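Residue numbers (mature numbering (1 follows the signal peptide of the UniProt record, and there is no 0)): -17 to -1, 1 to 365.
Here is the structure:
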């Protein structure tokens, strides 16, 4: 549960974090691995990858004003059966006893087996890993942070930039090109990035939030080992699904990037998170986009933002942070299964969460509902 202290922190930070509106370069809608698809084709359910990809003509646009697209039934189902349910289960005590018995969160994927779990919720954030024999997926999920814990709160307060962890850099170097001459550091974070060791590749200029990366790295090795164990046990694995909520969402994104370098390319990697804060600078955001747009990488990423949740506005754009492409937004408060939901084209779409002003933000929206589903400890029945 979000404490009063953390709620105050989230609301104040979000009010201060409103960026100037900068219109992006023209956008082209494509599918991953395709070019020139028509807008009407985006929700074609016959395509194995229903998530649209967006290519920008400018290297690092700050925001876009492109019109959002209504979510297909397939994407809505993805949110309600996997993204929110796996993330919600991470708050349930039974999971950390190795039991998949937690009520609606667990009931959505009844055949799932928990095979590894860990973390203390403070120095090491909680996580679980397991196997779904029905979908032939390995699932790795991060619990949202408990801001009542001192070390966790210090992780969140650490706004400083950091060079990429070697496992992150290794994966992103697959899609990294020469450093773009048009790149201009954005804000405080980008300026500090120019003081870091230089290189000839974009990946050398990608930086992430130091606190998020430190929290992620504290138990990434254990998650990596648990996933490898499942790969060894299940040679018929079709995919890896990674989820999380809040700060756990940011760590889940880093998990997905790093694990893309571990998992064989024949196995898809899909990240689905809720209430995710920003993670890195525009170069990092562009590389994550490129990873998703390269069909050979089999990498999908989406984050679900709830109406006026302040947490998705952290860490602030004026310090140089930026979201990657992949936002799915609930445009109404208190959404239900039948409420509108939008795919937000481009990075930082001003018609989606980025367009909600500071005084209209409400920390209660951080836990949902996401198409009628809350992601919180109270959703557990154990």
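Backbone N, C-alpha and C fix where the C-beta goes; we use that ideal spot for every residue, glycine too.
Note that the structure is predicted; figures quoted are calculated from it, not measured.
Tell me which residue opens and which closes the alpha helix (DSSP H) that residue i is part of.
i: residue 199; result: 193 to 216
i: residue 275; result: 265 to 276
i: residue 89; result: 87 to 90
i: residue 153; result: 149 to 155
i: residue 72; result: 67 to 72
So, at 7 Å on beta carbons, what are the nonlocal neighbours of residue i in its own chain, with the 5 sequence-adjacent residues on each side left out?
i: residue 270; result: 155, 158, 159, 185, 186, 189
i: residue 310; result: 286, 288, 327, 332, 335, 336
i: residue 18; result: The predicted model places residue 18 with a pLDDT of 33, which falls under 50 and marks its position as unreliable; any figure quoted below should be read in that light. If we look at residue 18 and ignore the five residues flanking it on each side, it has no Cβ neighbours.
Just to confirm the assignment, what range does the beta strand (DSSP E) spanning residue i have?
i: residue 286; result: 282 to 289
i: residue 144; result: 144 to 146
i: residue 125; result: 120 to 125
i: residue 310; result: 310 to 313
Have a look at the DSSP bridge pairing and note the partners of residue i.
i: residue 257; result: 228, 287
i: residue 53; result: 325
i: residue 410; result: This structure cannot settle anything about residue 410, because the visible part of the chain is limited to -17 through 365.
i: residue 252; result: 223, 282
i: residue 353; result: 356
i: residue 305; result: 263
i: residue 318; result: Partner(s): none; residue 318 has no beta bridge.
i: residue 47; result: 332
i: residue 190; result: 146
i: residue 184; result: 161
Quick check on this structure: which residue in the options has the alpha carbon closest to the alpha carbon of residue i?
i: residue 66; options: 49, 229, 267; result: 229
i: residue 330; options: 264, 322, 302; result: 264
i: residue 141; options: 64, 302, 319; result: 302
i: residue 62; options: 338, 340, 325, 344; result: 325
i: residue 148; options: 90, 46, 238; result: 238
i: residue 268; options: 300, 279, 292; result: 300
i: residue 291; options: 312, 277, 51, 279; result: 312
i: residue 70; options: 254, 280, 210, 348; result: 254
Here's the rule I'm using: 16 or more other beta-carbon atoms within 10 Å means buried, otherwise exposed. How should residue i be labelled?
i: residue 96; result: exposed
i: residue 53; result: exposed
i: residue 41; result: Residue placement at residue 41 cannot be trusted, given a pLDDT of 46 that sits under 50; the coordinates are not used to answer.
i: residue 109; result: buried
i: residue 220; result: buried
i: residue 342; result: exposed
i: residue 243; result: buried
i: residue 124; result: buried
i: residue 259; result: buried
i: residue 150; result: buried
i: residue 223; result: buried
i: residue 21; result: Note that residue 21 scores 25 on pLDDT, short of 50, meaning its location in the model is unreliable; the coordinates nonetheless yield the value given after this. By the 10 Å Cβ count, residue 21 comes out exposed.
i: residue 47; result: buried
i: residue 314; result: buried
i: residue 372; result: Here the chain comprises residues numbered -17 to 365, so residue 372 is not present and cannot be evaluated.
i: residue 248; result: exposed
Excluding the 5 residues flanking residue i on each side, which residues of the same chain have their C-beta closer than 6 Å to its C-beta?
i: residue 282; result: 243, 252, 274, 275
i: residue 205; result: 101
i: residue 117; result: 94
i: residue 339; result: 291
i: residue 79; result: 100
Which residues in the same chain as residue i place their Cβ atom closer than 8 Å to its Cβ, once the five residues preceding and following it in sequence are excluded?
i: residue 138; result: 128, 194, 195, 197, 198, 230
i: residue 50; result: 328, 334
i: residue 119; result: 217, 219, 220, 221, 222
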